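Numbering (the numbering used here), first residue to last: 379 to 963. Glycine is no exception: its CB is placed at the ideal position from the N, C-alpha and C atoms. Model, not experiment: these values are computed from the prediction. Here's the structure, in structure tokens; my notes come after.
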Amino acid sequence: MKVALVGINAKFIHSNLGIHSIKQYNGKMGIHIDVLEYTINQSIDDILERVIETSAQVIGFSCYIWNIEIIRKLVVEVHKIMPETFIMLGGPEVSYELKTFMTELPMVSVIIYGEGEKSTNLLLAKLIAGRSYASVNGIAYREGNQIFINPPVDNLDMDEIPFVYEKDMSDYEHKILYYESTRGCPFKCSYCLSSIEKGIRYRSMPLVMRELQFFLDSNVRQVKFVDRTFNCNQSRTKAIWAYIIEHDNHTTNFHFEIAADLLNEAILSILKDARPGLIQLEIGVQSTNQKTLEIVQRVTDFDSLSTSVKAIHAYQNIHVHLDLIAGLPAEGYDSFAKSFNDVYNLGPDQLQLGFLKVLRGSGIKLRADQYGLVYRDYAPYEILKTNDLTFAEMTKLKMVEYVLELYYNAGHFRHTLTYLERFCQSPFHMYEGLGQYFAENEGHLLKHSKLSLYTFLKNYGAQIEGINLDYLVQVLKFDLMLQEKIKKYPEWLEADHTYEALIRGFYAMEVNHPRVLAHLKDNNAKQLSRLCHVEVFDYNMISEDMGPQKVAVVFDYIARNKLNNEAGTTIIELSQLEAMITDQK
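Here it is in structure tokens:
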């Protein structure tokens, strides 16, 4: 019997850990499964054609909020073409409200709910043997017009769950590798499905270490732990972080989702020694409104979290990603603005502004009416309005999210944003104003080039009261040059040829008597000019003093910052640079 499991991922760089785990577990039990992976960006017709080409007698679809609408359509068409095919669904999106899904999709024979490895194996064994599967736990199934839901399957010991990666890693080239060392979560946040599972199960440490070493030996690009709260066990956290730091291959990045308020000094001290780029941390703050946190049963000590984040920032080697959720109960517009500012002021490398999704099976869905939660009926069931937040306010927050992604999270406008914030009531109000500017000028409807983003930011900044337009143009130029040598200038910025002779003198000095670019000493002046760029500014962009000051900035595109990829910079007062060049002659 030919069996195929289908994963439809959000992006090409993603992979579906669940179906690969089911494939490997069943392989150990002697049942072969083919895995097919696509993305939501592919056409339904293309996916359908490829699924039909398998001629599988059993086809299973892995269901999440990002792909369920596609899968709803696919199963209908698959059934039309292959009416004898046994169609099954699994995954978190269909593990709740089982009878609803079974009723809406009569061509689906079985839904596997909860963990899939063991239930899938028991089901397939029955199908292959031609026997009834009515006794298999962890499934919903139909007999005639009746739908039955069996008791949940017993959870596997974590060490029984196979390691899905093999020696041949060609299928995962250019993809994020997902890895789990635990299942379950210690917290009971009512908006999250992880809160439903009781207890936490751990993979044994010797096994985890062997698997980490496999990733390191394979020089994979990124390993993303899917553990819901990675640092819920302090000793495991210390051991795993110490191991990857000690065995660093200078290539692999490890991503962890943590509760920063649980970090202590002993664990924080371990992170000091990590190579820049080795570790990145995702920290869910969600809100700083205490009433909101109590309603959603999220336990967070924001003061402790802030202390930990500030300590990590001081190390200058860890990428920190902080999360906020808009639309939670008791969080109105002004309250969310405060939460935004509280988190933004911690200076995360990325700030994700997400919107509440009222998930099937979540505790918050059961109390949606109580808090006036109005949300979309289709996946991903995103919030539209609440008792505390109007639809119009939600729309404004959508624009804040849009410009936050374009500007803050892109990481290309750091100094310009810092400058603009000085003239706004708060960081939130700055992004609110920028979002409104985009909406009024239909900027959110355009496909932006890199330069058009600088132009929009310049035009927005120019209308802010108190802005020095000359300084704004210069700081935009500074941010632009931190990213790359400018090949094409925006219409409002011209190349400055005033100091060409001085700059040629600088490169000649660096060839004969290197002072700034000693690490590039084997290059001639022409080669140095390709690897670097020298620009004279009327202001020192990294000085607190915003007064006029002629400085030369050397942008070194070889010595980039390992965390934000900005060019290395050396800032020299113009008069000092002139003296240095004269002295070496």
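At a cut-off of 4 residues, the continuous stretches assigned as alpha helix (DSSP H) that sit fully inside the region 729 to 785 are 741 to 744, 769 to 781. When the Cα atoms are used, A637 and N611 turn out to be separated by approximately 11 angstroms. Inter-residue distance for E544 and V598 is about 12 angstroms (C-alpha atoms, whole angstroms). Closest option to N515, judged by alpha-carbon separation, among L505, L795, Y491: Y491. A distance below 7 angstroms between beta-carbons, with the five flanking residues on each side excluded, links D595 to no residue of its chain. Inside the region 846 to 926, DSSP marks whole alpha helix (DSSP H) runs of 4 or more residues at positions 847 to 861, 878 to 890, 903 to 909, from first to last along the chain.
When the alpha-carbon of L671 is set against those of H826, L871, Y569, the nearest one is in Y569. The alpha-carbon separation between Q420 and N387 amounts to approximately 10 angstroms. The residues V894, V931, V932, D934, in chain order, have a CB closer than 8 angstroms to that of T948 in the same chain once the five nearest residues on each side in sequence are set aside. The beta carbons of D720 and V698 sit no closer together than 9 angstroms.
A708 places its beta carbon 9 angstroms or farther from that of D747.
For D412, the secondary structure class from DSSP, reduced to helix, strand or coil, is strand. Going by DSSP, H633 is part of the beta strand (DSSP E) stretching over 631 to 636. Annotation: P868 to E475 spans about 54 angstroms, alpha carbon to alpha carbon. When beta bridges are read from the DSSP output, A930 appears opposite V914, I950. By the criterion of a C-beta distance shorter than 7 angstroms, K855 is surrounded in its chain by L871, once the five residues flanking it on both sides are discounted.
Assignment of H552 by DSSP, reduced to helix, strand and coil, places it in the coil class. Residue environment: L744 is assigned as exposed (fewer than 16 neighbouring CB atoms within 10 Å of its CB, all protein chains considered). Remark: C-beta atoms of Y550 and K602 do not approach each other more closely than 9 angstroms.
Counting along the chain, the unbroken beta strand (DSSP E) around M466 starts and ends at 464 to 468. Annotation for C563: S572, R606, T607 place their beta carbon closer than 6 angstroms to its own, counting only its chain and skipping 5 residues before and after. Three or more Cβ pairs closer than 8 angstroms define a contact, and the region 949 to 963 falls short of that threshold against the region 659 to 678. Collapsing the DSSP output to three states places N419 in coil. Residue range 828 to 840 is occupied by the alpha helix (DSSP H) that includes F834. Here the alpha carbon of N902 sits roughly 37 angstroms from the alpha carbon of K650. Contact check for S497 and G739: beta-carbon distance about 17 angstroms, past the 8 angstroms limit, so the pair fails to qualify. Take the alpha-carbon of L500 and the one of I574: they are about 24 angstroms apart.
Here the alpha carbon of I517 sits roughly 16 angstroms from the alpha carbon of M485.
Three or more beta-carbon pairs separated by less than 8 angstroms are not found between the region 751 to 760 and the region 710 to 720, which leaves the two stretches without contact. With contacts defined by Cβ atoms closer than 9 angstroms, W444 and I422 do not form a contacting pair. Comparing C-alpha distances from H410 to each of I425, V436, H392, V429 shows the shortest one belongs to V436. When rounded, the separation of the alpha-carbon atoms in V851 and K836 is 7 angstroms. Bounds of the alpha helix (DSSP H) holding R450 are 446 to 459. If you look at N387, you'll find it in the beta strand (DSSP E) that goes 381 to 387. For V663, the three-state secondary structure derived from DSSP is strand. Here K602 carries a strand assignment [DSSP, helix/strand/coil].
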